[in-house]
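Report on one structure; see the data block that follows.
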Amino acid sequence: MKDLVKDPAPVTGQDSGPAGREAAGDTGSRKLGDRFRAWRLVVEAPSRATLLISGLLTILTWQLPAFSPIEPKGDYDYGLLIAMARHFGLSFGDRIATTYGPLYFLAIPSTTVRAEVAVGFLFWFVFTTGCLAACFQAFQGRIGTRWAWVACGALAVSFSIVPLTGVITATPGFVAVLAVCHALGLLPKWAERAFPVVMGLVTAAMLLTKFSVGLMCGPIVLGAVLVRPGRRLREFAEFAVSGVVGLVLLWIVAGQPPTQVVQYVVRALSVGSGHAQSMGLEPTNSAWEYLVAAAVTIVLAVGVARIKVDGGWRWPLWLGLLAAGWLLFKQGFVRHDSHSAQYFAVLFALGVLFAVLQRSAVLAMVAAVSLLAQAASFGGGLWTIDPVHSLHTFADGATVVASGSHRDAVQEDARAELRKRTDIPQRFLTRIGTQPVRSEPFDQAIAWTYGLTPAIPPTLLNYGAYTELLDKMNESWIADDVNAPRFVIRENTRITLDGRFALWDPPRTELAETCRYTLVDSTDRWQLLERGPNRCGAERELSSTHLAAGQSVPVPTAADGVVVARVYPEQSLAERAWGFLFKPDDLNVSLDGEAFRLPWTHSDAPLMVSAPQEPSVKLAGRPLQAGNLSMSAPGRVVFSVVGRK
């Protein structure tokens, strides 16, 4: 089995006779081949067989399809809108504000742009194959060839259990394993030397793909490069320079204004800071996951604490893993709807690593518990692992890249399916014509499906405007007579994501829309709104009331205008600290006993509660005319009326 690791050693001497010299050959090509093989041994480069097996594992566990916008909601919306934003040249610095950057196609490569599918597939194939080869060579010296391949195969399987999240799952998992191996000097020389530069570039790419993943990877790599004596300064400089230069260059290559990369980072941090306050979700049947996560985390923390570095520091690695683990835990458990599978995947990767390092069957069992928890958390179970499906997914994406006609057929099939699902009336389409149109709260594929001119809000989707800054950005966009869309297609429903109220998601933007758009057509499922002059005047306070949790207060009436409520829920210092470290309890605001989840970051925003005379806010056949309001937390509510001109 040794030939799976290294190529045969090169010839170092000459044959004794002329025939031998002729057989050895003195040609330049033979010498070049000898030198190449010698160089491979010096850098401990993986053999062709190692790369072949690693590449095969990558393909057989492939879970990154080339997306078509066949689903009108969710991540498909984000992927399609980002592709559209890049197509129309919108800046992700000052025009678009999300934690998903201009390289988001690395996470969701869309068939709308074949080149992005090619780049996305090539990136993940090279990254995953290289990581598996480096892990194999690091493991092989500890547990032998066969078990090293078993460990690498287990990592590949784990990272493929959660489809569509290779960025969130595989990247921090591989980075954590390789970082520990680098700190301990276990990586082969080629991976050891390339680690700071490559990880700087990977971190930069992740910051422009899904910002939170870049934040997770950065501390881990930084901790690893600061561990070993005699190379800290050099490796830190390599990591920092490659990361910063890579960030700027990738930003420019993605077609973004060079001077706005800092603005992108600042806004992404702002967006991320509001995630826990607004996107939290806690199902009642998943409490067991906290127990498993806590037990496995404690065991692995002991393993990390026992790491010994010859003559070096350990605390940078500890701090790096701690910071990344906290971010990953929040990523997995703030929105606790199978996102926790990503946390368990990284725990499993570290469990496998420590089982290899200590040759421990107990740690292998701990890793197995993490793998089972990951599969159960995602819901598909281990039986969803299907190498044939993975191979088909990879081949289909490759075919999209290679064949324009195949891509066109995929696109047309997707459009036909979406027309069937959305069923927008022809009279809507005729009235819209070539004018810009946006869809809300979801269904951003409508413009692409029907060949309309899309209007893209700064936060891409309504529910993404979950902080005051983001809501005000969308509000300003709606209020802009030059850039705002002429039409809005709205789903005729009161409820959006997580039981939120459609007219509060987000509040300032929806109020501005009510002031500037009128209902011109509707069906049972859809409403068509058209832009007109601003019909709203000044806001005038009506009353202010303190209320206990669950206490109802009457909503004032107004002869004309829109009655809005601003809520100010109270939180103790301990509750605020818990909300920062993890996530706050749900905040619910009820109208006539019907509860709606409100992000904490929308307190002080104008919540429309009564406008019975306004047809555009009549959703699901019910006019907006609340008689009383209550809140799940104690606090204060201020009622005002926004007058009508």
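Each residue of the sequence shown is one higher than the one before, counting from -10 in my numbering. All C-beta atoms, glycine included, are put in the ideal place defined by N, C-alpha and C. Predicted model, so just to flag it, every value in this text is computed and none were measured.
L95 and A74 have their C-alpha atoms spaced approximately 15 Å apart.
Note that the C-beta distance between Q363 and F337 is below 8 Å.
The Cβ neighbour count for V291, taken over all protein chains shown within 10 Å, is under 16; the residue is labelled exposed. By the Cβ test, the stretch 554 to 569 is not in contact with the stretch 506 to 526, since fewer than three Cβ pairs between them sit closer than 8 Å.
Taking C-beta atoms as the reference points, V351 and G162 fail to come closer than 8 Å. The beta carbon of P208 sits closer than 6 Å to those of G309, A312, A313, all from its chain and outside the five residues before and after it, given in chain order. For H535, the enclosing beta strand (DSSP E) has its first and last residue at 525 to 536. Each residue's CA atom was taken as its position, placing E583 and R483 some 11 Å apart. Between P443 and R84, the C-beta spacing is not below 8 Å. Classified as buried, M205 has 16 or more neighbouring CB atoms from the shown chains inside 10 Å of its CB. Within the DSSP bridge table, the entry for P558 names G624 as partners.
With respect to the 8 Å criterion, F628 and V544 are classified as neighbours on the basis of their beta carbons.
The C-beta of F585 has 16 or more other C-beta atoms within 10 Å across all chains shown, which makes the residue buried. Cβ-Cβ distances below 8 Å link A538 to M620, S621, A622, P623 in the same chain, with the five nearest sequence neighbours on each side left out; the list follows chain order. Taking C-beta atoms under 8 Å as the contact rule, W240 and L190 fail to qualify, at a distance of about 13 Å. One thing to note: A434 has its Cβ within 8 Å of the Cβ of L407. Ranked by Cα distance from A107, the first of R135, F56, A127, H76 is F56. DSSP places S366 outside any beta strand (DSSP E); the residue lies instead in the alpha helix (DSSP H), whose first and last residues are 350 to 367. Residue environment analysis places E401 among the exposed positions, since fewer than 16 neighbouring C-beta atoms fall within 10 angstroms of its C-beta. According to the DSSP assignment, L580 belongs to the beta strand (DSSP E) that extends over 577 to 580.
Using a Cβ-Cβ distance cut-off of 8 Å, the stretch 254 to 274 and the stretch 103 to 118 are not in contact, since fewer than three pairs of beta carbons, one from each stretch, lie closer than that value. A distance below 6 Å between beta-carbons, with the five flanking residues on each side excluded, links P185 to the following residues of its chain, in chain order: V214, E224, E227, F228.
For M597 against L492, the beta-carbon gap comes to about 5 Å, under 8 Å, which counts as contact. The three-state reading of DSSP puts K199 in strand, counting E and B together.
Taking C-beta separations shorter than 6 Å and ignoring five residues to either side along the sequence, the partners of V288 in its chain run V355, following chain order. Non-local beta-carbon contacts of K199 in its own chain, meaning distances under 8 Å to residues more than five positions away in sequence, involve T88, Y89, G90, Y93, A96, V156, I157 in chain order. L562 and W589 have their C-alpha atoms some 15 Å from each other.
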